[in-house]
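Each residue of the sequence shown is one higher than the one before, counting from 1406 in the numbering used here.
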Amino acid sequence: MDRITHDLLTQGHISQEQIERLVRVGVTADTLLETLTKVGAVSANFVKRFIVEQVRSGHYEISIIKQYHFLDEQTVMQHLAEVMEIPFLDLDSIDMDYRLADRIPLSQLKRFKAIPIRENDLSVTVAFTDPLNIEAQEGIQRLFPRKPLDIAIATEKQIQAYLFKIELKDSVKELVVNIRNELNSLGTDQNKDQAQASSILQLIDVVLKACIKNRASDIHIEPTENNCTVRGRVDGKLTEIFIFDKDIYPPLASRLKILSNLDIAERRKPQDGRFSAMVGDREYDFRFSTLPIMYGESIVMRVLDKEKALVRLEDAGMDEAGYKKLHTALKSPYGIILVTGPTGSGKTTTLYGALNELRSVEEKVITVEDPVEYRMNLIQQVQVRASVGLSFADALRSILRQDPDKIMIGEIRDQETLEIAIKAALTGHLVISTLHT
């Protein structure tokens, strides 16, 4: 009997019979909690609540730990891997053999919450969300009867993400076959470019859903010599989501241009547009841009979630100390606040969270943006239009004659804009903006 279990018994939290039941399912729970306690990841009270919950339920499950939302799942998994002396795998940073997953029904992978990672002459490495689930191990082992399993552990979030990719890949295969059949029935290349086949629309829907589910801020569709890749910018980094054969690219690009009210025949010049689409049960705006490249046109779509315009500053993802500092700074009558970070890091979300704090019938708040991504009540929003000579600097000069209280500049891109912003801050205005780093 270890120290934690002994203390719980002597303090009357559990009975001897309950301890015996705990021992029968294994002492790994205690060992894990000891490790977590030693590194300061959990408090003693957490340990007591956890074990009481375990013995009262009569079984041990990793999912019960996850009910304590203040404990990071990855921390739990890493320490569990240490206790069990098995590898912890970050699925985003390792090479996986997706052909292994093709040999297992998706329903089984979902049931066991497992992903086969790699295979060699001696064994198959499989990552589980719960390596203590013997039923799951036995179920996967039956699918690889000739080789033993090397058990590894990964977070449920990552495994579910990869299962989602596998599910999408299966649905996309069927769509691609249908698209080819529909395109072949159209005949000429011109007809194929103008295709409005239902399968193309379904493919666009799948692409948008997949990228949004992966929390992509931007969607990149890029033709190469032999195929077409779809990547999403997630947490500032591009992540590959799909690879299509190149013959799928022309009708896909043409249909997206039609949605954005662009000229599908123009491939020599960049074009910009915008469209809205229902993804699931929510409507999203997409800012659409094309750029002629070697093998066609690079397409980038900025995902504009209308609900982000309503985001509260405290929900923008900052830690408590950062939120308090920014919240206090926004109450200043004048000065300049700069939000910095790489692409996809949340600068725009933070700005709109700040605007939600600032907007009021008692003050005039004006923004200058390129483009206006989210439309907001009680905010006067100015769209930069370089084609008619309205730059950030030009707009700012005019804004200062509009008696503003607060000014938001979408991005400080040049010295002239910076100088005007500083001048505005020094003459009694609160200015908020971003800098790309």
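Positions of the beta carbon are idealized from the N, C-alpha and C atoms, including for glycine. Computed from a predicted structure; not experimentally measured.
With 16 other Cβ atoms within 10 Å as the buried cut-off, status of residue i
i, result
"residue 1604", "buried"
"residue 1832", "exposed"
"residue 1553", "exposed"
"residue 1654", "buried"
"residue 1729", "exposed"
"residue 1558", "buried"
"residue 1646", "buried"
"residue 1687", "exposed"
"residue 1842", "exposed"
"residue 1460", "Because residue 1460 sits at a pLDDT of 49, beneath the cut-off of 50, its placement in the model cannot be relied upon, and the point is left open."
"residue 1851", "With the chain covering only 1406 through 1842, there is no way to say anything about residue 1851."
"residue 1774", "buried"
"residue 1503", "exposed"
"residue 1376", "The first residue shown for the chain is 1406 and the last is 1842, placing residue 1376 beyond what the model contains."
Distance, residue j Cα to residue i Cα
i, j, result
"residue 1578", "residue 1615", "15 Å"
"residue 1804", "residue 1839", "18 Å"
"residue 1751", "residue 1757", "10 Å"
"residue 1608", "residue 1677", "22 Å"
"residue 1698", "residue 1627", "9 Å"
"residue 1675", "residue 1704", "10 Å"
"residue 1589", "residue 1632", "19 Å"
"residue 1527", "residue 1549", "12 Å"
"residue 1814", "residue 1747", "17 Å"
"residue 1808", "residue 1824", "19 Å"
"residue 1629", "residue 1500", "22 Å"
"residue 1693", "residue 1683", "16 Å"
"residue 1669", "residue 1785", "34 Å"
"residue 1837", "residue 1776", "16 Å"
"residue 1613", "residue 1479", "28 Å"
Bridge partners - residue i, DSSP secondary structure assignment
i, result
"residue 1633", "1628 and 1649"
"residue 1795", "1790"
"residue 1814", "1773 and 1838"
"residue 1642", "1639"
"residue 1374", "The structure shown does not extend to residue 1374, since the chain is modelled only from 1406 through 1842, so no value can be given for it."
"residue 1784", "1770"
Endpoints, the alpha helix (DSSP H) within which residue i is located
i, result
"residue 1678", "Run containing residue 1678: none in the alpha helix (DSSP H); it sits in the beta strand (DSSP E), 1676 to 1684."
"residue 1503", "1503 to 1507"
"residue 1824", "1820 to 1831"
"residue 1656", "1654 to 1664"
Boundaries (first-last residue) of the beta strand (DSSP E) holding residue i
i, result
"residue 1696", "1687 to 1698"
"residue 1614", "Looking at the DSSP string, residue 1614 is not in any beta strand (DSSP E); the run it does join, the alpha helix (DSSP H), is 1603 to 1618."
Cβ-heavy atom distance, residue i to the ligand ZN, below 7 Å
i, result
"residue 1704", "Judged by which ligands are present, the structure shown has none, so any question about the ligand ZN falls away."
Every unbroken alpha helix (DSSP H) within the stretch 1703 to 1777, with a cutoff of 4 residues, ordered by chain:
Listed in chain order, they are 1725 to 1734 and 1752 to 1763.
Problem - beta strand (DSSP E) segments (min. 3 residues) lying fully within the stretch 1522 to 1582 - result: 1529 to 1533 and 1554 to 1558
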